[in-house]
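To keep things clear, I will list the structure first and then write my remarks on it.
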Amino acid sequence: LHPTTDKIFQICPRFRILVMGKTGVGKSSLINHAFGVQETLASNVQPGQADIEKEYISPQNDKFVLHDSK
722 LHPTTDKIFQ
732 ICPRFRILVM
742 GKTGVGKSSL
752 INHAFGVQET
762 LASNVQPGQA
772 DIEKEYISPQ
782 NDKFVLHDSK
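Numbering (our numbering) for the sequence shown: 722 to 791.
As structure tokens, this is what we get:
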């Protein structure tokens, strides 16, 4: 499995993940808790105000770039 993942990361060193859902269902909270993003998204953004262009990267694993939808 390790050689396979090494090949994948050579081709695509970072993965972008878009978290989508209705307003107020906890998308930002999911990003905060599941990926350990230090910036508290849920407290900084009013419902419906997320910026899909902003990247959130976990300090523990920078191979995943997260985006929060409106």
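Glycine included, C-beta positions come from ideal geometry on N, C-alpha and C.
By the three-class DSSP mapping on this structure, what secondary structure does residue i have?
i: F790; result: The question names Phe, but residue 790 in the sequence shown is Ser. Of the three classes helix, strand and coil, the one that applies to S790 here is coil, per DSSP.
i: L751; result: helix
i: I732; result: helix
Bridge partners of residue i, per DSSP?
i: V740; result: D789
i: I778; result: V786
Quick check: the Cα distance between residue i and residue j, rounded to an integer number of angstroms?
i: D727; j: K743; result: 36 angstroms
i: P780; j: R737; result: 15 angstroms
i: I831; j: H788; result: This structure gives no information on residue 831, because the portion of the chain shown stretches from 722 to 791.
i: K748; j: E776; result: 14 angstroms
i: T761; j: V746; result: A caution first: T761 carries a pLDDT of 47, below 50, which makes its placement in the model unreliable, though a value can still be read off. Straight-line Cα distance between these residues: approximately 16 angstroms.
i: T725; j: V786; result: 21 angstroms
i: I778; j: V758; result: 6 angstroms
i: H723; j: K784; result: 15 angstroms
- Item | Stretch pair the region 723-732 + the region 742-758: three plus CB contacts closer than 8 angstroms | no
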